[in-house]
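All remarks here apply to the structure that follows.
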Amino acid sequence: MRVLQVNKLYYPHIGGVEQIARALAEGLARFRNVDSMALVCNEGLRTVRQNVAGVSLTRVGSLGRVSSEPLSPSFPFYLRRADADIYHFHCPFPLGELSGLTLSEESRIVTWYHSDVVRQRWFLPVYRPLLARFLRRNRAILVSSPNLLESSSMLREVAERCRVIKFGIDAERFRLDQRTAARAEGLRQRYARGGGLVLCVGRLVYYKGIQVLLEAMEEIDAGLLILGRGPMARELEKRVINAGLTGRVSFVDWAEEEYIPAYYHACDLLVLPSTAHSEAFGLVLLEAQACRKPVISTELGTGTSYANLDGVTGLVVPPGYPRELAGAVKQLLGDASLREEMGSRGKERVERDFSLSVMIDNVMDVYREIMEAS
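To get this note's numbering, take the position in the sequence shown, counting from 1, and add 7.
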């Protein structure tokens, strides 16, 4: 079975969608009867072919990006040349979906629908009809939570083709061994202040709501560590200076994969303060829970409130309200036993319900079903 993952970008580019596409590609490569491939856009002009962890990876050259979308005129050509048995798209990716419509009617197309398009409203009158036509060509549409399936207007017309498959992570990667514990202690000594250490992990983009978290931090006696990079970095750093938070808020723009678990273990809690539906799940919520940490997220009507159960694994607050967010952070920082209870329940739930191997097996079952049906 030749399976092609189709996405905007690929590791080392950071993002939840890229993380899932990579996890699937590498997981499928371990099956003896699967030829695992990935077709993505390069962040430069050259087209590069690589074999990474058993995945035949093609990074198609691009001219740059507009509103985060790659400009790669030759992408449809490389897609048609792939000759895959299963074409697995990761959506939204307008260039990918447009290219997918150039495939033959017999092509077996699967899409993991990660989120709605929210910010680029000027683009929606053109994009929605294209996306609707593309989704109708799919043999199956995968969704990470029932919350997103219920809230997405795009999925209503194709609901009968949708399958809920939970995201999964490798919980063993986040195990607290001696080396990770030593790294975590060093991070805590460096970044914790007053009442402890709050962690925020994610790209520095508008919908992550980090500006709301910075406003909330004005009321909180603790350190905040923001791990991530993105176009809003300078603006957020200026906000920290203007608010007089320089001594309590720190930015780290990159960490090697092997060091990331130490950041979770160093903190008292993780905050994902997202403000728009573009945040469809929040894998960082699962990663923090795998490290036995309580989490705070916002109610967006998407999978964030599926990944984090209010009052069970953490707290859920309204998006865009710094005072409510500050209150939730202070509640957890001030109650060690509550943090321990929520952290333990989160770790148990991740290990039970969000296994990476189960996710890959469930996707393989969809592929086999499609192959057998055709």
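All C-beta atoms, glycine included, are put in the ideal place defined by N, C-alpha and C. These figures come from a predicted structure and were not determined experimentally.
Compare the beta carbon distance of residue i and residue j with 8 angstroms and say whether it is the shorter of the two.
i	j	result
residue 89	residue 11	yes
residue 221	residue 206	no
residue 168	residue 147	yes
residue 154	residue 374	no
residue 201	residue 184	no
residue 2	residue 304	Absent from the model: residue 2. The displayed extent of the chain is 8 to 381, so no value can be given.
residue 122	residue 136	no
residue 104	residue 141	yes
residue 23	residue 290	yes
residue 253	residue 279	no
Using DSSP bridges, identify the partner residues of residue i.
i	result
residue 362	176
residue 384	Residue 384 lies beyond the stretch modelled for the chain, which goes from 8 to 381, so this question has no answer here.
residue 170	149
residue 96	13, 118
residue 258	233
residue 203	200
residue 72	77
residue 317	321
residue 35	Paired residues: none, contrary to the question.
Take residue i as the anchor and find which of the options has the nearest alpha-carbon.
i	options	result
residue 218	70, 281, 38, 134	281
residue 28	326, 103, 38, 97	97
residue 223	362, 112, 329	329
residue 25	17, 32, 31	17
residue 285	215, 298, 297	215
residue 178	327, 293, 345	293
residue 211	204, 159, 194, 240	240
residue 209	251, 20, 70	20
residue 255	263, 287, 276, 203	203
residue 327	213, 14, 48	213
residue 376	15, 81, 115	115
residue 73	102, 85, 182, 145	102
residue 341	318, 120, 275	275
residue 321	347, 83, 37	347
residue 8	37, 174, 261, 257	37
residue 349	317, 371, 331, 372	317
residue 79	368, 52, 250	52
residue 194	143, 296, 262	262
residue 111	250, 93, 124	93
residue 31	87, 360, 259, 172	172
residue 34	176, 71, 84	176
residue 120	296, 368, 250, 170	170
residue 156	370, 295, 344, 287	287
Return helix, strand or coil for residue i, following the three-state DSSP convention.
i	result
residue 11	strand
residue 44	strand
residue 195	helix
residue 227	coil
residue 368	helix
residue 285	coil
residue 311	helix
residue 187	helix
residue 377	helix
residue 212	coil
residue 292	helix
residue 324	strand
residue 304	strand
residue 277	strand
residue 336	helix
residue 240	helix
residue 341	coil
residue 27	helix
residue 53	coil
residue 161	coil
Check whether the segment 164-183 and the segment 225-239 touch, using three or more Cβ-Cβ pairs below 8 angstroms as the test.
Verdict: no, contact absent.
Pairs of beta-carbons, one from the segment 325-336 and one from the segment 345-361, closer than 8 angstroms: are there three or more?
Judged by Cβ distances under 8 angstroms, the segment 325-336 makes no contact with the segment 345-361, as fewer than three pairs qualify.
Quick check: the segment 37-53 against the segment 63-73, are at least 3 beta-carbon pairs closer than 8 angstroms?
yes
Taking contact to mean at least 3 C-beta pairs separated by less than 8 angstroms, is the segment 291-300 in contact with the segment 263-280?
Touching, per the Cβ criterion.
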